[in-house]
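Undergrad:
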Amino acid sequence: MSGAAATAVAFARAQLGKPYVFATAGPNSYDCSGLTMAAWRAAGVRMPHYSGAQAAMFPKVAWGQLQPGDIVVFYPDLHHVGIYIGGGQMIHAPQTGDVVKIAPAWRTTFQYGVRPR
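Counting from 6, one number per residue, gives the positions in the sequence shown under the working numbering.
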């Protein structure tokens, strides 16, 4: 894992347990793209606070090529993202009423990953 990816993953891990709140990007709550944006901002990479834009701005990565730190993109309309941490797991901010957590990456709705740089 690159230094930047390690920083993004470490940042995301430090947010575990914080509540999901739509349209937020920390420091006390996150939505899905706010978490990925903030994690990669900590690593020095800027991106917009919108999952579709994040999915479009970096090189695509297939499921079998995912590496920790990659942003995993879900659903055909690209409306959910998380940070891949390896072993088929991700850190994400799932939905209202939930918290930032580690969960299995959703293989059935996975579209592709992207590798910020």
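C-beta atoms are modelled at their ideal positions from N, C-alpha and C, and glycine is treated no differently. For clarity, every value in this text was computed on a predicted model and none was experimentally measured.
1) Would you please state the rounded distance, in angstroms, between the beta carbons of S93 and A110? I believe it to be under 8 Å.
2) Which residues in the same chain as A98 place their Cβ atom closer than 6 Å to its Cβ, once the five residues preceding and following it in sequence are excluded?
3) Mind checking which residues open and close the beta strand (DSSP E) that includes F27?
4) Look at the Cβ atom of T114, then the Cβ atom of F63, and state whether they are nearer than 8 Å.
5) Can you have a look at G102 and say buried or exposed, based on whether 16 or more other CB atoms are within 10 angstroms of its CB?
6) Quick check on this structure: which residue in V50, D75, G8 has the alpha carbon closest to the alpha carbon of V119?
7) Within the stretch 11–71, note down every full alpha helix (DSSP H) run reaching 4 residues or more, in order along the chain.
8) What distance in whole Å lies between the Cβ atoms of A43 and A30, which are believed to be in contact at a cut-off of 8 Å?
TA: According to the data block:
1) Indexing the sequence shown from 1 puts residue 93 at position 88. Indexing the sequence shown from 1 puts residue 110 at position 105. The amino acid at residue 93 is misidentified as Ser; the sequence shows Gly. With a contact defined as Cβ atoms closer than 8 Å, G93 and A110 qualify at about 6 Å.
2) Counted from its first residue, the sequence shown places residue 98 at position 93. A distance below 6 Å between beta-carbons, with the five flanking residues on each side excluded, links A98 to the following residues of its chain, in chain order: Y25, Y35, D36, C37, L40, V105.
3) On the sequence shown, position 22 is the one that residue 27 refers to. Where F27 is concerned, there is no enclosing beta strand (DSSP E), given that its DSSP letter is neither H nor E.
4) Counting from 1 along the sequence shown, the entry for residue 114 is found at position 109. Counting from 1 along the sequence shown, the entry for residue 63 is found at position 58. Not closer than 8 Å, so no.
5) Taking the sequence shown and counting its residues from 1, one reaches residue 102 at position 97. The residue in question, G102, is exposed, as its Cβ has fewer than 16 Cβ neighbours within 10 Å.
6) In the sequence shown, residue 119 corresponds to position 114, counting from 1. Relative to the Cα of V119, the nearest Cα in the group V50, D75, G8 belongs to D75.
7) 37–47, 56–61
8) Your numbering for residue 30 matches position 25 in the sequence shown. Your numbering for residue 43 matches position 38 in the sequence shown. That pair is a contact at about 5 Å.
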